[in-house]
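Residue numbers (the working numbering): 428 to 527.
First the structure, in the form of structure tokens, and then the observations on it.
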């Protein structure tokens, strides 16, 4: 499934899916952004599907940001499409409430 990443005034909105087929591409994109930025905001409000691989990629990005002493905000706690996948993997703590 296709996904798009849109830079909306420094807030990176992902639309579509974060699944095994595109997780590596998303990971690579955000790793490059983390290398260049001290703070990164990722908005998942428009993600309609995420699988365990997608959750793992986001979790690893979050952990890398912490290791590099950088801030990564992952917005999307109110997105019902994400809740089950993040809760099932006990990774829902990385999601922030929508403040955008």
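No residue lacks a Cβ here, since even glycine has one placed at the ideal position from N, Cα and C.
Less than 8 Å between the CB atoms is what I'm expecting for residue 502 and residue 485, so what's the real figure, rounded? What you label residue 502 is simply residue 75 of the chain shown in a count that begins at 1. What you label residue 485 is simply residue 58 of the chain shown in a count that begins at 1. Residue 502 to residue 485, Cβ: 12 Å. No contact.
Review point. Fully enclosed by the stretch 452 to 488, which beta strand (DSSP E) runs are 3 residues long or longer?
Key: 466 to 477
* Asked: Are at least three pairs of beta-carbons, each pair with one atom in the stretch 449 to 466 and one in the stretch 502 to 514, less than 8 Å apart?
  -> no
Could you check the C-alpha separation between residue 510 and residue 473 for me, to the nearest Å? Here residue 510 corresponds to residue number 83 of the chain shown, with the count starting at 1. Here residue 473 corresponds to residue number 46 of the chain shown, with the count starting at 1. Distance between the alpha carbons of residue 510 and residue 473 is about 13 Å.
- prompt: Can you tell which of 490, 494, 496, 482 has the C-alpha that lies nearest to the C-alpha of residue 517?
  reply: On the chain shown, residue 517 is found 90 positions in, with the first residue counted as 1. Selected option, being the one with the closest Cα: 482.
| Boundaries of the alpha helix (DSSP H) in which residue 514 is found, first to last residue | The count along the chain shown starts at 1 and reaches residue 514 at position 87. Segment 507 to 515, the alpha helix (DSSP H) holding residue 514.
Exercise for review: Could you pull out every residue in the same chain whose Cβ sits closer than 6 Å to the Cβ of residue 433, ignoring the five residues on either side in sequence?
Suggested key: If you number the chain shown from 1, residue 433 lands on position 6. Excluding positions up to five away in sequence, the list reads 440.
Chain-order list of residues whose beta-carbon lies under 8 Å from that of residue 496 (same chain, five-residue window excluded) = Numbered from its first residue, the chain shown carries residue 496 at position 69. So the list is empty, once near-sequence residues are dropped.
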